[in-house]
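>
Residue numbers (our numbering), protein chains in the order written: chain A, 14 to 127; chain B, 63 to 176.
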């Protein structure tokens, strides 16, 4: 079955600390992987995406993610968290073409302590 | 338009009434998705349109839910005889015909059934 698992429902980090949000997927075909961020009352904004090439991808706002095929993981990282990063983060997997649905994880809510 | 537009942004309806939610995708995007986001939950896939192909309706939770896409552009999600469990944020997204693109999301419609 196709699925995305984000094991951490809620994470709290101190401002300036590093961050890693976990994402594991199960997908039959070659996956196209995404991380989206959702601020309260807002739609989803793409942080980064991966299909092929370098397994470490850079995104907006200083985020990066590493694809590990052997672990079926696509974890999101940031070296130093800012208070404005507090939001909900969603990992998603989909097909590499225009067809087919995107499957989302349950999301991880990030809180940032001053 | 510049982005995906959804209307209304908020809708309060009485139990048993029908509602229509509208989505205007990004011009030229051939793929259109509807997702539902309940409080504290991830994004639940509802339906997917791709060009002139038959839509993927596999995520619609019951026959009270239907959607159409007219002229390959605007889409309407209709919920008949609304129930309290239908209360959620309904998100629409569109995607370009090219393969290596992400889905762009609208701001969503918050539906409250009282």
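Yeah, the Cβ is synthetic: ideal placement off N, Cα and C, and Gly gets one too. All of these numbers come straight from a predicted model, not from anything done at the bench.
(1) Can you tell which of 77/B, 107/B and 76/B has the C-alpha that lies nearest to the C-alpha of residue 153/B?
(2) Let me check one thing: in DSSP terms, what residues is residue 136/B bridge-paired to?
(3) Is it the case that the Cβ atoms of residue 35/A and residue 53/A are separated by a distance below 8 angstroms?
(4) Return the residue from the list 78/A, 59/A, 58/A and 74/A that minimises the CA-CA distance to residue 67/A.
(5) Contact check, residue 76/A vs residue 105/B under 8 angstroms by CB: the rounded distance?
(6) Over what stretch of residues does the beta strand (DSSP E) that includes residue 106/A continue unbroken?
(7) Mapping the DSSP letters down to three states, classify residue 22/A as helix, strand or coil.
(8) Classify residue 22/A as buried or exposed, calling it buried when 16 or more other Cβ atoms lie within 10 Å of its own Cβ.
(9) Residue 97/A: which of 72/A, 57/A and 124/A sits nearest, CA to CA?
(10) Going by the CB atoms, is the gap between residue 129/B and residue 137/B shorter than 8 angstroms?
(11) On the CB-based measure, 16 or more other CB atoms within 10 Å of its CB, does residue 141/B come out buried or exposed?
(12) Pick from 127/B, 156/B, 164/B and 135/B: whose alpha carbon is nearest that of residue 81/B?
(13) Give a yes or no on whether the minimum CB-CB distance between residue 62/A and chain B is below 8 angstroms.
Put simply:
(1) Closest by alpha carbon: 107/B.
(2) BP columns for residue 136/B are empty, so no partner.
(3) Result no, Cβ atoms of residue 35/A and residue 53/A do not sit closer than 8 angstroms.
(4) Closest option to residue 67/A, judged by alpha-carbon separation, among 78/A, 59/A, 58/A and 74/A: 78/A.
(5) So it is not a contact: roughly 19 angstroms between Cβ atoms.
(6) Note, residue 106/A: beta strand (DSSP E), 100–108.
(7) Looking at residue 22/A - three-state DSSP - the assignment turns out to be coil, as it is neither helix nor strand.
(8) Its Cβ having fewer than 16 others within 10 Å, residue 22/A is exposed.
(9) Proximity to residue 97/A across 72/A, 57/A and 124/A peaks at 124/A, based on C-alpha coordinates.
(10) In contact: residue 137/B and residue 129/B (Cβ atoms closer than 8 angstroms).
(11) It counts as buried.
(12) Checking every option, the nearest Cα to that of residue 81/B belongs to 127/B.
(13) So yes, residue 62/A belongs to the interface.
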